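K.L.:
Before we start, here is the structure in question, set down as structure tokens.
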Amino acid sequence: MKISINSVKAQLFRQEESLLIRKWLTSCVQYVYDLAFMTQQAMTAQGMTDFVVRSNQVLTKLTKR
Numbered sequence: 001m002k003i004s005i006n007s008v009k010a011q012l013f014r015q016e017e018s019l020l021i022r023k024w025l026t027s028c029v030q031y032v033y034d035l036a037f038m039t040q041q042a043m044t045a046q047g048m049t050d051f052v053v054r055s056n057q058v059l060t061k062l063t064k065r
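Numbering (full-length UniProt numbering), first residue to last: 1 to 65.
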């Protein structure tokens with residue numbers, strides 16, 4: 001089997017793209033979890049800070065599409 005630099009680059013690109021998708025999905029799941037959590041009880045100051053940062057990232061990504 002012949003391996004070319006282009007096939008290696010393509011494979012690396014797919015792996016990188018897959019990693020970005022997994023990170024994006026993880027952020028979305030955490031965002032939904034945080035929203036559900038806040039309906040049950042108050043978040044800590046750090047938890048709220050993390051939520052706001054994640055919220056901004058998710059909403060910014062959604063508005064770019």
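We put the beta carbon where it would ideally sit given N, CA and C, even for glycine. A quick note: this is a predicted structure, and the numbers were derived from the prediction, not measured.
Could you check whether tyrosine 33 and arginine 54 sit closer than 7 Å to each other, using their CB atoms as the reference points?
P.N.:
Against a cut-off of 7 Å, the Cβ pair of tyrosine 33 and arginine 54 comes out as no contact.
K.L.:
On the premise that serine 27 lies in contact with valine 58, defined as a C-beta separation below 8 Å, what is that separation, rounded to the nearest angstrom?
P.N.:
Contact holds; Cβ gap of about 6 Å.
K.L.:
Reducing DSSP to helix, strand and coil, say where methionine 48 ends up.
P.N.:
Methionine 48 falls in the helix class under three-state DSSP.
K.L.:
Check for me: the alpha helix (DSSP H) holding glutamine 40 runs from which residue to which?
P.N.:
First-last of the alpha helix (DSSP H) with glutamine 40: 5–40.
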